[in-house]
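A.B. asks:
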Amino acid sequence: MEYFYMLFFMITSSALLFLSNDLGSAIISLMNILLILAPLVGTIFGVIFYYNSADFTELLLAHPLKRSTIFLGQLYGLCISLSLSLVIGLGLPFLFYGLLYSDAIFDFLILLVDGVVLTFIFVGLAYIIALKNDNKVKGFGYALLMWLAFAILYDGMLLVIMMKFQDYPLDTFSLVSTVLNPIDLSRILILLKLDISALLGYTGALYQQFFGTIFGLIISFGLLLIWSLLPSGLVLKIATAKDF
Numbered sequence: 118m119e120y121f122y123m124l125f126f127m128i129t130s131s132a133l134l135f136l137s138n139d140l141g142s143a144i145i146s147l148m149n150i151l152l153i154l155a156p157l158v159g160t161i162f163g164v165i166f167y168y169n170s171a172d173f174t175e176l177l178l179a180h181p182l183k184r185s186t187i188f189l190g191q192l193y194g195l196c197i198s199l200s201l202s203l204v205i206g207l208g209l210p211f212l213f214y215g216l217l218y219s220d221a222i223f224d225f226l227i228l229l230v231d232g233v234v235l236t237f238i239f240v241g242l243a244y245i246i247a248l249k250n251d252n253k254v255k256g257f258g259y260a261l262l263m264w265l266a267f268a269i270l271y272d273g274m275l276l277v278i279m280m281k282f283q284d285y286p287l288d289t290f291s292l293v294s295t296v297l298n299p300i301d302l303s304r305i306l307i308l309l310k311l312d313i314s315a316l317l318g319y320t321g322a323l324y325q326q327f328f329g330t331i332f333g334l335i336i337s338f339g340l341l342l343i344w345s346l347l348p349s350g351l352v353l354k355i356a357t358a359k360d361f
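Following our numbering, the numbering of the sequence shown begins with 118 at its first residue and continues without gaps.
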């Protein structure tokens with residue numbers, strides 16, 4: 118399945134580059150696809166991998182192997198496999214179109230890093246849900262609901278809250294709410310780097326003021342790194358305590 122994932126991004130990025138003939142425009146279009154598809158694929162693959170390898174995992178547990186080695190090995194193996202598919206699928210067409218000689222190379226690297234980080238985050242979250250639910254139907258349902266909450270419902274609820282309380286200062290609330298959603302955080306980093314923060318709405322100036330600086334960029338990537346490492350710790354904690 119990783120090959121189809123790689124092929125999809127390779128075909129999509131090639132088509133966008135061919136139609137627009139502009140690296141910056143292609144990156145913006147890919148951002149909208151990547152920020153939805155990478156978390157979704159990571160979620161689905163994380164759940165499928167856990168349930169399909171359950172028997173093999175129990176066999177490994179019967180051997181003198183540390184649980185951390187087994188579960189973190191499986192988790193990071195899947196994350197790295199999906200990340201490589203993403204990097205190759207996006208990287209080859211852009212390299213062919215002269216990315217190395219373009220000013221958009223740093224923008225593209227941020228897009229790739231965001232895609233890889235989101236893959237690690239949502240594979241980890243899906244793995245946690247599968248670990249907590251032996252019932253496959255419930256596991257799939259909860260995992261998809263988790264992705265739906267982060268990708269779609271979160272922004273809708275945030276918009277409603279901001280409209281209801283628009284007469285109050287919401288600067289701090291906007292920043293905190295962004296940190297609590299890795300998809301939104303990744304989107305803002307890409308938009309700010311592409312210098313199109315106007316697409317962020319009336320809070321764009323606030324995001325530009327904080328996330329647009331070098332300090333804000335470091336903090337943002339640090340937060341995404343924490344988001345990507347947190348599921349690993351939870352997986353290890355749950356797997357250690359779980360009675361297989």
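Even for Gly, the Cβ is constructed at its ideal location relative to N, Cα and C. For clarity, every value in this text was computed on a predicted model and none was experimentally measured.
1. Are L235 and A155 close, meaning C-beta to C-beta below 8 angstroms?
2. Taking G232 as the reference, give the member of L207, K281, I245 and T186 with the closest Cα.
3. If you reduce the DSSP assignment to three classes, tell me which class L207 lands in.
4. For Y319, which residues from the same chain have a beta carbon less than 7 angstroms from its beta carbon, with the 5 sequence-adjacent residues on both sides left out?
5. So, is S185 buried or exposed, given that buried needs 16 or more other C-beta atoms within 10 angstroms?
6. From F237, D360 and F166, pick the residue whose C-alpha is nearest to that of C196; which is it?
7. If you run the structure through DSSP and keep just helix, strand and coil, what is L297?
8. Between the C-alpha atoms of R304 and Y120, what's the straight-line distance to the nearest angstrom?
9. Only counting the same chain, and skipping five residues up and downstream in sequence, which positions put a Cβ closer than 6 angstroms to that of S137?
10. Between the Cα of L270 and those of L134, G190, I153 and L140, spot the shortest distance and give me the residue it belongs to.
11. Would you please state the rounded distance, in angstroms, between the beta carbons of F225 and G159? I believe it to be under 8 angstroms.
12. In the DSSP assignment, the alpha helix (DSSP H) including N169 goes from what residue to what residue?
13. Take L351 as the anchor and find which of L182, G273 and K249 has the nearest alpha-carbon.
14. Need the endpoints of the alpha helix (DSSP H) that G256 sits in, please.
15. Cα separation between D139 and D360?
16. How about L340 and V296: are their beta carbons less than 8 angstroms apart?
17. Using the rule of at least 16 other Cβ atoms within 10 Å of the residue's Cβ for burial, across every protein chain shown, is L276 buried or exposed?
18. Within the chosen definition, does the region 160 to 172 reach the region 187 to 206 through at least 3 CB pairs nearer than 8 angstroms?
19. Tell me where the alpha helix (DSSP H) around I222 begins and ends.
20. Apart from the five residues on each side of it in sequence, which residues of its chain come closer than 6 angstroms, Cβ to Cβ, to W344?
21. With distances taken between CB atoms, is the gap from L133 to L151 smaller than 8 angstroms?
22. Pick from L203, I336 and I161: whose alpha carbon is nearest that of L292?
C.D. replies: Considering the structure as presented:
1. Reading the sequence shown from its first residue, position 118 is the one you call residue 235. Reading the sequence shown from its first residue, position 38 is the one you call residue 155. Going by C-beta atoms, L235 is nearer than 8 angstroms to A155.
2. Here the question's residue 232 lines up with position 115 in the sequence shown. Of the candidates L207, K281, I245 and T186, the one whose C-alpha sits nearest the C-alpha of G232 is L207.
3. One-based indexing of the sequence shown puts residue 207 at position 90. Of the three classes helix, strand and coil, the one that applies to L207 here is helix, per DSSP.
4. Walking along the sequence shown from the start, residue 319 turns up at place 202. Per-residue confidence for Y319 stands at a pLDDT of 46, beneath the threshold of 50, marking its modelled position as unreliable; no derived number is given.
5. Locating residue 185 in the sequence shown gives position 68, where the first residue counts as 1. So S185 counts as exposed.
6. Numbered from 1 along the sequence shown, position 79 holds the residue referred to as residue 196. For C196, the nearest C-alpha among the options comes from F237.
7. As a first step, residue 297 must be located in the sequence shown, where it is residue number 180. If DSSP states are grouped into helix, strand and coil, L297 belongs with coil.
8. What you label residue 304 is simply residue 187 of the sequence shown in a count that begins at 1. What you label residue 120 is simply residue 3 of the sequence shown in a count that begins at 1. If I take the Cα positions, the gap works out to 26 angstroms.
9. Here the question's residue 137 lines up with position 20 in the sequence shown. Around S137: A143.
10. Taking the sequence shown and counting its residues from 1, one reaches residue 270 at position 153. Comparing Cα-Cα distances from L270 to each of L134, G190, I153 and L140, the minimum goes to I153.
11. Indexing the sequence shown from 1 puts residue 225 at position 108. Indexing the sequence shown from 1 puts residue 159 at position 42. Not a contact, Cβ separation roughly 20 angstroms.
12. As a working mapping, residue 169 is identified with position 52 in the sequence shown. Element bounds for N169: L140 to N169.
13. The residue you call residue 351 lines up with position 234 of the sequence shown. Of L182, G273 and K249, the residue nearest in Cα terms is K249.
14. In the sequence shown, counting from the first residue as 1, residue 256 sits at position 139. Taken as a continuous stretch (DSSP letters only), the alpha helix (DSSP H) holding G256 covers K253 to L265.
15. Here residue 139 refers to the residue found at position 22 when the sequence shown is read from its first residue. Here residue 360 refers to the residue found at position 243 when the sequence shown is read from its first residue. Going from the Cα of D139 to the Cα of D360 covers about 54 angstroms.
16. Locating residue 340 in the sequence shown gives position 223, counting from the first residue. Locating residue 296 in the sequence shown gives position 179, counting from the first residue. Yes, the Cβ-Cβ distance between L340 and V296 is below 8 angstroms.
17. Walking along the sequence shown from the start, residue 276 turns up at place 159. Exposed, because fewer than 16 other Cβ atoms sit within 10 Å of the Cβ of L276.
18. yes
19. As a first step, residue 222 must be located in the sequence shown, where it is residue number 105. Element bounds for I222: I222 to K249.
20. As a first step, residue 344 is located in the sequence shown; it is residue number 227 there, counting from the start. Here the set comprises I238 and P299.
21. Counting from one through the sequence shown, the residue named residue 133 turns up at place 16. Counting from one through the sequence shown, the residue named residue 151 turns up at place 34. Going by C-beta atoms, L133 is not nearer than 8 angstroms to L151.
22. Looking up residue 292 in the sequence shown gives position 175. Minimum Cα distance to L292 is reached at I336.
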